[in-house]
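To keep things clear, I will list the structure first and then write my remarks on it.
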Amino acid sequence: MMSLKKTLTVNQLEMMAAKKMGKEAALLVTSGTQANLVSLMSNTKRGNLVILEAESHIYWYEVGGLSTIAGLLPWLIRGNLGVLDPKDIEAAMKPKDIHFPETTLICIENTHNRYGGAIISPDQIKAVGEIAKTFGLKLYMDGARIFNAAMALKVDVKDFTKHVDNLMFCLSKGLSCPIGSIVVGTDEFIEEARKNRKILGGGMRQAGVIAAPGIVALEKMIDRLDEDHKNAKALAEGLAQIDGITIDLKNVQTNIVHFGVSELLGTSDQFVSKLRENRVLALSELLGTSNHLVSKLTENGRLALPRDTKRIRMVTHRGIEKEDIDKTLNIIESIVKELHG
Ligand SMILES: Cc1ncc(COP(=O)(O)O)c(C=O)c1O
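Under the numbering used here, the first residue of the sequence shown carries the number 1, and numbering increases by one thereafter.
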């Protein structure tokens with residue numbers, strides 16, 4: 001009886017996810033990284049060439065799994081805030097020739113992490129989808145934060161997904177679950193993905209406890225993403241007023257805020273240490289603590305992070321209220337005053 005219930009919870013989540021995305025089937029996996037790897041493996045054969053945006057999460061932050069495990073050769077194209085130009089894709093295509101690996105897949109990322117949550121619009125995806133079809137390639141979307149994109153443009157998420165063959169999205173991150181991502185596509189693709197998940201050790205028995213919050217997320221956590229976007233905007237606008245901080249407001253499109261610190265304020269690492277000293281903390285640091293004066297600017301447990309030596313990344317999410325933003329801006333303002341002497 002218990003195991004039947006467990007199966008039902010996972011099945012229910014997968015069916016809900018497939019329906020929301022307008023695809024035939026879905027598969028619960030442990031993480032965004034596992035979702036991407038399973039999808040890469042299920043869309044290609046070892047030795048294939050895969051076109052990726054140069055700043056993509058798959059290329060930067062997934063330990064090269066696409067090469068070491070999936071056996072793929074990444075071919076990087078730099079996009080404009082993550083948006084690939086179909087002409088660049090066309091130029092990257094190789095003729096059928098004994099010297100070249102076969103190109104089979106294009107990957108896009110929406111919203112784009114390293115471009116600060118930038119959105120790729122449905123029309124821009126459509127254009128990439130058309131060129132993919134022209135060359136007989138599949139189009140996959142790392143849609144870890146695709147609901148943020150849909151919320152920001154006030155469109156249905158299917159407006160994005162209808163142009164791709166398959167995709168993944170994360171239940172964690174903005175949708176607030178403790179764990180989990182979902183791969184979505186055709187029945188055939190998901191059958192293959194299920195095998196590949198098993199190869200990667202992601203076949204889970206007691207997965208109902210992971211699926212249950214996923215169901216809550218799909219029912220209740222999507223609409224509230226607007227609040228995160230408003231808070232990110234308020235944070236960005238506040239930061240823009242502070243001396244020594246640089247920020248491009250037009251690039252703050254969803255829930256991620258990237259800003260630069262002037263040399264006078266030190267490196268981004270030093271500045272983040274100052275934030276930490278002043279209790280601008282990660283959620284993970286809050287758990288198990290009490291009564292701190294806190295502003296929590298983090299995405300499910302990650303502190304405001306140095307984005308590189310000059311820039312800092314902050315993410316708004318459930319649990320960050322407008323008053324936390326105000327408090328954080330006050331703290332940053334006083335740190336800047338102190339550092340400026
Ligand atoms: C765009 C994107 N894809 C994939 C991932 C990987 O997700 P996870 O950390 O759950 O493995 C992330 C994580 O931040 C991401 O931003």
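For each residue, glycine too, the CB sits at the ideal point set by N, CA and C.
8 Å Cβ cutoff met for Ala17 and Ile131
no
Within 8 Å, strictly: CB atoms of Val252 and Lys233:
yes
Could you check where the alpha helix (DSSP H) with Ile146 kicks off and where it finishes?
Unbroken alpha helix (DSSP H) run through Ile146: Ile146 to Leu153.
Ser290 versus Leu275: straight-line alpha-carbon distance, rounded:
Because Ser290 sits at a pLDDT of 28, beneath the cut-off of 50, its placement in the model cannot be relied upon, and the following sentence gives the value as read from the coordinates. Near 18 Å, if we compare the C-alpha coordinates of Leu275 and Ser290.
Should Cys177 be counted as a contact of ligand 1 given a C-beta to heavy atom distance under 7 Å?
no
In this structure, what does DSSP give as the bridge partners for Asn80?
Answer is Val83, bridged to Asn80.
Short of 7 Å in beta carbon distance, which residues of its chain neighbour Ala152, apart from the five on each side in sequence? Order them along the chain.
Result list for Ala152: Ile119, His229, Gln253 and Thr254, in chain order.
Through-space distance from Thr328 to Val261, alpha-carbon basis
Spanning the two alpha carbons is a distance of roughly 16 Å.
Is the Cβ-Cβ distance between Leu49 and Thr111 less than 8 Å?
no
Find the nearest neighbour of His258 within the set Ser273, Ala240, Leu265 and Gly266, judged by alpha-carbon distance.
Ala240
Per-residue DSSP class, three states only, for Thr103
strand
Per DSSP, what kind of secondary structure is Tyr140 in: helix, strand or coil?
strand
Which residue marks the beginning of the alpha helix (DSSP H) containing Leu264, and which one marks its end?
First-last for Leu264: undefined, no H or E at that position.
For Ile312, report the span of its beta strand (DSSP E) as first-last.
Counting along the chain, the unbroken beta strand (DSSP E) around Ile312 starts and ends at Arg311 to Val315.
Helix or strand or just coil, what does DSSP make of His340?
helix
Comparing the CB of Glu55 with every heavy atom of ligand 1, is any distance shorter than 7 Å?
no
In chain order, what residues of the same chain have a beta carbon less than 8 Å from the beta carbon of Phe100, not counting five sequence neighbours either side?
Leu49 and Lys94
If you compare alpha carbons, which of Asn36, Phe271 and Lys154 is closest to Arg311?
Phe271
Which one or two residues does DSSP pair with Phe169 in a beta bridge?
DSSP, once it has assigned bridges, lists Ile182 as partnering Phe169.
Does the Cβ of Ser181 lie closer than 7 Å to at least one heavy atom of ligand 1?
yes
In whole angstroms, give me the CA-to-CA distance for Arg78 and Pro213.
36 Å
Please determine, among Tyr59, Leu84, Leu171 and Met141, the residue with the shortest C-alpha to C-alpha distance to Thr30.
Thr30 has its Cα closest to that of Leu171, out of Tyr59, Leu84, Leu171 and Met141.
Within the present structure, is the beta-carbon of Gly32 separated from the nearest heavy atom of ligand 1 by less than 7 Å?
yes
Give me the Cα-Cα distance between Lys19 and Ala211, rounded to the nearest whole angstrom.
16 Å
Assess contact between the region 80-93 and the region 22-39, defined as three or more Cβ pairs (one per stretch) separated by less than 8 Å. Is contact present?
no
Between the Cα of Asn113 and those of Asp159, Tyr61, Lys198 and Asp88, spot the shortest distance and give me the residue it belongs to.
Tyr61
Just tell me which of Ile256, Phe160 and Phe135 has its CA closest to the CA of Lys96.
Phe135
Please report the residue range of the alpha helix (DSSP H) in which Glu227 lies.
Leu225 to Ala240
Is any non-hydrogen atom of ligand 1 found closer than 7 Å to the C-beta of Ser172, if you look at the structure I gave you?
yes
Does at least one heavy atom of ligand 1 sit under 7 Å from the Cβ of Ala207?
no
So the alpha helix (DSSP H) Leu40 belongs to, where does it begin and stop?
Counting along the chain, the alpha helix (DSSP H) containing Leu40 begins and ends at Gly32 to Asn43.
Option in Val209, His317, Glu188 and Gly174 with minimal Cα separation from Lys23
Minimum Cα-Cα distance from Lys23 among the listed residues Val209, His317, Glu188 and Gly174 corresponds to Glu188.
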